[in-house]
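See below for the structure under consideration.
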Amino acid sequence: MYIDGKWVNSVTGKTFTSLNPANEQVIGYFQSCNKHDVNKAVEAAEKAYPSWSETPAPKRGEVLLEIARLLRKDKDRLTKLIVLEMGKVYKESAGDVQEAIDVFEYMAGEGRRLYGITTPSELKDKACMTIRVPIGIVGCITPWNFPTAIPAWKISAALICGDVIVFKPSSDTPLCAIGLVKILIQAGVPKGVINLVTGSGEEVGNAIIKHKKIRAISFTGSRDTGEFILKNAGI
């Protein structure tokens with residue numbers, strides 16, 4: 468796991484395997500986390516939130532632009548990770564990484580476009596305006612089929628708005644998630660702003676969905692899971 472700026476083991480002491488779908492050979496062993504690990508990730512995010520949310524959005528955009536630059540520089544290696552773990556052909560895997568590059572570049576620009584609204588007041592000496600403020604801690608739960616692009620869509624949007632993240636990737640593609648998180652670290656995302664917790668939906672996904680300090684869930688997956696999130700998020 469990656470929590471509070473450190474790569475650490477789960478409190479469970481357990482791991483699960485990720486397999487190459489072409490030959491079912493073991494690619495690696497990954498932390499099988501539980502709700503206690505999620506709690507640690509939330510604590511780390513909570514500590515990081517004041518500083519990151521108060522960082523001017525254009526400055527956050529500079530970090531996202533660096534992420535895009537590093538993704539482009541490392542595109543071939545990240546593409547091969549997707550081929551190895553998810554099983555797409557090279558050309559489609561490269562497209563997956565390119566989507567991540569594109570969305571981080573786009574969201575970097577949003578740092579200068581987080582506009583509010585002003586409205587003429589009906590009262591003398593009064594001004595009416597709205598401003599955008601961060602939500603807080605965002606839980607990002609992503610599927611196996613676009614293991615770099617979909618996490619990038621969710622993470623980039625949360626980061627540019629000043630939110631902090633607890634990220635749970637599919638258990639079929641944890642290595643791809645680690646590859647993306649390492650790029651974020653290299654680009655200068657502060658500790659605690661991005662936290663990676665691997666494991667099952669039953670253990671990790673449930674804990675994220677039901678955690679009272681997680682203010683938003685960004686999920687891509689099955690209809691049944693979506694309905695479960697709708698009924699159980701934050702209760």
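Each position in the sequence shown, counted from 1, maps to that position plus 467 in this note's numbering.
Idealized CB from N, CA, C, for every residue including glycine.
For residue j and residue i, believed in contact at Cβ under 8 Å, the rounded distance
i	j	result
residue 648	residue 604	Not quite, the Cβ-Cβ distance comes to about 17 Å (not below 8 Å), so this is no contact.
residue 623	residue 574	4 Å
residue 535	residue 571	4 Å
residue 563	residue 555	7 Å
residue 482	residue 498	6 Å
residue 530	residue 656	6 Å
Chain-order list of residues whose beta-carbon lies under 7 Å from that of residue i (same chain, five-residue window excluded)
i	result
residue 507	470
residue 609	617, 618, 621, 636, 637 and 687
residue 672	608 and 635
residue 493	484 and 486
residue 548	642, 643 and 646
residue 588	594 and 595
residue 504	468, 477, 478 and 664
For residue j and residue i, the rounded distance between their alpha carbons
i	j	result
residue 472	residue 582	31 Å
residue 478	residue 668	17 Å
residue 550	residue 560	6 Å
residue 628	residue 495	34 Å
residue 654	residue 696	32 Å
residue 681	residue 557	36 Å
residue 518	residue 689	35 Å
residue 527	residue 626	7 Å
residue 600	residue 491	46 Å
Start-to-end residues for the alpha helix (DSSP H) that takes in residue i
i	result
residue 557	557-577
residue 530	524-540
residue 602	Careful: residue 602 lies outside any alpha helix (DSSP H) and carries neither H nor E.
residue 693	690-699
Sequence-distant residues of the same chain with beta carbon closer than 6 Å to residue i, five excluded per side
i	result
residue 524	578 and 581
residue 640	552, 553, 611 and 614
residue 567	538, 615, 616 and 619
residue 586	595
Residue interval of the beta strand (DSSP E) (run including residue i)
i	result
residue 516	Per DSSP, residue 516 belongs to no beta strand (DSSP E); it is in the alpha helix (DSSP H), 502-521.
residue 598	It is not in any beta strand (DSSP E) - residue 598 carries neither H nor E in the DSSP assignment.
residue 482	482-486
residue 585	584-586
residue 495	493-498
Sequence-distant residues of its chain with Cβ nearer than 8 Å to residue i (five each side left out)
i	result
residue 693	686
residue 651	534, 622 and 661
residue 677	699, 700, 701 and 702
residue 546	557, 560, 561, 563 and 564
- [ ] Give, in chain order, every unbroken run of the alpha helix (DSSP H) that is at least 4 residues long and sits entirely within the segment 606-686.
- [x] Entirely contained in the segment 606-686, the alpha helix (DSSP H) runs reaching 4 residues are, in chain order, 616-627, 641-654 and 673-677.
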